[in-house]
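Please read the structure below before turning to the comments.
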Amino acid sequence: MKGIMTALITPFNEDGTLNDKGLREVVRHNIDVMGVDGLYIGGSTGESFLMDEAMRSELLKIVKEEAGDAVTLIAQIGSLNIEEAIRLGNEAKELGYDALSAITPYYYKFSFEEIKSYYERITEETNHPMVVYSIPVLTGTQMTIDDYGELLAIPNVVGVKYSDTNLSRLTKLKELYPDKVFYGGADDMLLQFIISGADGAIGSTYSLLGKQAKALFDALQNSELKEAKNLQLEMNQVIAKMESIGVYQTLKHVLKEQGVDAGFMKFPFKELTDDEKRQASEIVDILASG
Ligand code: HMN
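Take 67 as the starting number for the sequence shown in our numbering and just add one per residue.
In structure tokens, the structure reads:
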């Protein structure tokens, strides 16, 4: 469960249906070319909040079929609809996913007690390892150290995908819960996350920067701080460009230029304009020269 995991994009056909062949290519690319330790399926990067349940279920099936047991697989099954989350969680468990993950319930301003009961119900009814997915920048839900502690005390909650930038809180959490697993979620701060106590990271850009991220992770395990810092700076050149154009769209464009059928975005996401495509293509050159 440790190391570098790619938050997988989902390739769609132009009509919004799943691109089965493209999805398999993206999975293969991450395992065979990037050499990442795991895949996080159906997260923000995977556009799963734009999919219906049947499509999310199909996504989980295809990825497992293609990846087999080669790497750790975490299925993001969170949904505002608790029954849907439980059904998807049980499917992922039956398919052989190593763990589930669920976004904190969003849109409504749920109380912490409500958020906690959501995790209690999913874990009780699926009885499978669960990684809490905390991403305050998108959900608005910010939790305290005590809140995290209460969630980590729920049976089967094994860790947190910590897509927050409060790193002193992360350091404290890892000190208090050394046996739980914490994943960093801002790829331009991988170095800082690992130094602050994260056991690994889950990020979208590792479909392109997986090798550098793995090298950075390994450098830190060997206390090679200077090497790690240089790798982060190199990665950040690409990440900053992606962020200025649109991370998910750029990922798909660059992968396609590299020969991986990353497909189209799901409505209402827009495709890149010609000018944005030109800017995104510069990333292909940067990666090729590195
Ligand atoms: C997911 O749920 O798909 C990801 O794990 C989310 C991940 O933390 C990414 N965050 C967002 O997309 C909001 C990052 O990898 C992010 O794309 C990267 O740091 C570039 O900004």
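By construction, the Cβ of each residue, glycine as well, lies at the ideal position given by its N, Cα and C atoms. Nothing here was measured: the structure is a model prediction, and the numbers come from that model.
Closest residue to residue i among the options (Cα-Cα distance)
i, options, result
"Glu113", "Asp340, Ala346, Gly356 and Lys332", "Lys332"
"Asp230", "Asp212, Leu217, Leu282 and Met255", "Met255"
"Asn193", "Asp213, Leu274, Val129 and Arg153", "Arg153"
"Asp341", "Asp103, Asn79, Ile148 and His319", "His319"
"Gln258", "Asp284, Lys246, Gly225 and Lys295", "Lys295"
"Gly312", "Asn85, Thr271 and Lys292", "Thr271"
"Leu353", "Gln287, Asp327, Leu297 and Ala285", "Leu297"
"Val350", "Ala133, Gln324, Leu282 and Phe283", "Gln324"
"Thr170", "Val226, Thr111, Glu91 and Ile128", "Val226"
"Gly206", "Asp212, Phe178 and Tyr184", "Phe178"
Residue i CB to nearest heavy atom of ligand 1 below 7 Å
i, result
"Ser200", "no"
"Gln142", "yes"
"Gly251", "yes"
"Ser110", "yes"
"Thr231", "no"
"Val304", "no"
"Leu204", "yes"
"Asp254", "yes"
"Ala73", "yes"
"Ile268", "yes"
"Val313", "yes"
"Glu309", "yes"
Those residues which DSSP pairs with residue i across a bridge
i, result
"Tyr22", "This structure cannot settle anything about residue 22, because the visible part of the chain is limited to 67 through 356."
"Ile107", "Ala141"
"Gly82", "BP columns for Gly82 are empty, so no partner."
"Leu166", "Ala141 and Met196"
"Ala73", "Tyr106"
"Phe333", "Partner(s): none; Phe333 has no beta bridge."
Per-residue burial, residue i [other beta carbons within 10 Å of its own, 16 or more giving buried]
i, result
"Lys175", "exposed"
"Arg122", "buried"
"Ile291", "According to the sequence provided, residue 291 is Leu. The question's Ile does not apply to it. Per the 10 Å Cβ criterion, exposed."
"Ser47", "Any question about residue 47 goes unanswered here, given that the chain covers just 67 to 356."
"Ile188", "buried"
"Tyr173", "exposed"
"Gly101", "exposed"
"Asn79", "exposed"
"Lys246", "buried"
"Val326", "buried"
"Ile77", "In the sequence on display, residue 77 carries Pro and not Ile. Counting Cβ neighbours within 10 Å, Pro77 comes out buried, since at least 16 surround it."
"Leu74", "buried"
"Leu217", "buried"
"Val198", "buried"
"Lys130", "buried"
"Leu126", "buried"
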